[in-house]
Ligand code: AVJ
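Numbering (UniProt numbering), first residue to last: 1 to 319.
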């Protein structure tokens with residue numbers, strides 16, 4: 001029985017220094033912004049997990065349906081005994097849909113949220129005693145090498161949830177190219193991509209009635225208060241999410257409800273009423289334009305699965 005998770009702390013843990021440096025840089029910009037990777041402190045990871053259960057947030061539900069239906073096909077293409085490497089593994093729920101069919105020899109979950117990652121991979125190891133489970137805390141948007149001692153024979157990347165949608169298309173392409181050392185020629189990458197669709201369905205998914213997405217967005221400010229001693233009142237901001245059709249992306253912002261000054265690490269930042277902090281982009285693709293993007297990044301689109309309503313897609317890309 002193997003109940004232990006082999007934990008690897010990859011290169012600097014996405015620690016307070018990068019939070020401070022990156023947040024200050026974003027707040028100094030003309031359009032204030034913060035990288036969405038900073039949503040995921042412990043509370044943020046929990047809130048994201050709740051978002052995934054909201055009725056309006058279709059991506060999780062639909063992707064799980066696609067993965068469950070495609071698991072046998074995926075296993076046939078990817079083969080058995082792989083090292084399955086998940087980028088942004090979160091609660092490590094989706095991978096469970098593949099494990100029985102794929103029978104990988106090991107699993108590596110990579111996530112920016114350390115304690116959340118540990119809990120999730122421990123549960124996975126307990127539920128799948130035959131699987132060798134590794135966990136690495138890392139910011140995968142930075143260049144990343146595999147943990148020492150984890151030589152993987154048959155790596156298969158798993159990047160579900162349309163997380164790649166947080167990158168601008170050019171950055172997404174560069175990011176995929178950056179995976180080449182991790183995924184050498186011949187290896188596969190299974191990616192989930194949210195599809196372009198009507199504005200009302202998209203906007204509802206990021207404005208759930210229960211207010212979980214709003215709480216998730218506003219939690220960023222709580223994090224700045226706790227970790228950077230920021231003097232910033234979350235009550236003075238409001239959640240906003242809308243579909244930007246020209247850019248084919250959902251944008252999330254925190255809108256200042258009044259003229260105010262906030263302080264981070266002693267530095268003062270002025271807000272006009274209505275001025276925003278841009279906290280997230282979530283790009284939506286067509287199957288064709290995502291396949292073209294991955295082709296430019298050196299991955300060949302081998303197979304694509306979607307749901308009956310073409311809401312979401314899962315792609316098997318080959319190096
Ligand atoms: C984890 C980036 C895929 O863009 O849909 C969900 C994050 N933000 N609701 C997304 C998110 C607000 C999510 N990704």
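C-beta atoms are modelled at their ideal positions from N, C-alpha and C, and glycine is treated no differently.
Asked	Found
Under 7 Å from any heavy atom of ligand 1, does the C-beta of residue 51 make it?	yes
What would DSSP say about residue 309, mapped onto helix, strand or coil?	coil
Keeping to the same chain, check which residues put their C-beta closer than 8 Å to that of residue 306; ignore five residues upstream and five downstream.	66, 195, 287, 312, 313, 314
Go through the segment 73–109 residue by residue and report every complete run of the beta strand (DSSP E) that reaches 3 residues or more, in order.	83–87
Which of helix, strand or coil does DSSP assign to residue 283?	strand
Considering just the uninterrupted stretch of the alpha helix (DSSP H) at residue 199, what are its terminal residues?	199–205
Output yes or no for whether 8 Å exceeds the beta carbon distance between residue 133 and residue 146.	no
Look at the alpha carbon of residue 73 and the alpha carbon of residue 246, and state the distance between them as a whole number of angstroms.	36 Å
In terms of residue numbering, what span does the beta strand (DSSP E) encompassing residue 263 cover?	260–264
Taking the beta strand (DSSP E) that residue 269 belongs to, which residues open and close that run?	267–271
Among 269, 248, 236, which one has its Cα closest to the Cα of residue 256?	236
What would DSSP say about residue 36, mapped onto helix, strand or coil?	helix
Who pairs with residue 276 in a beta bridge, going by DSSP?	255
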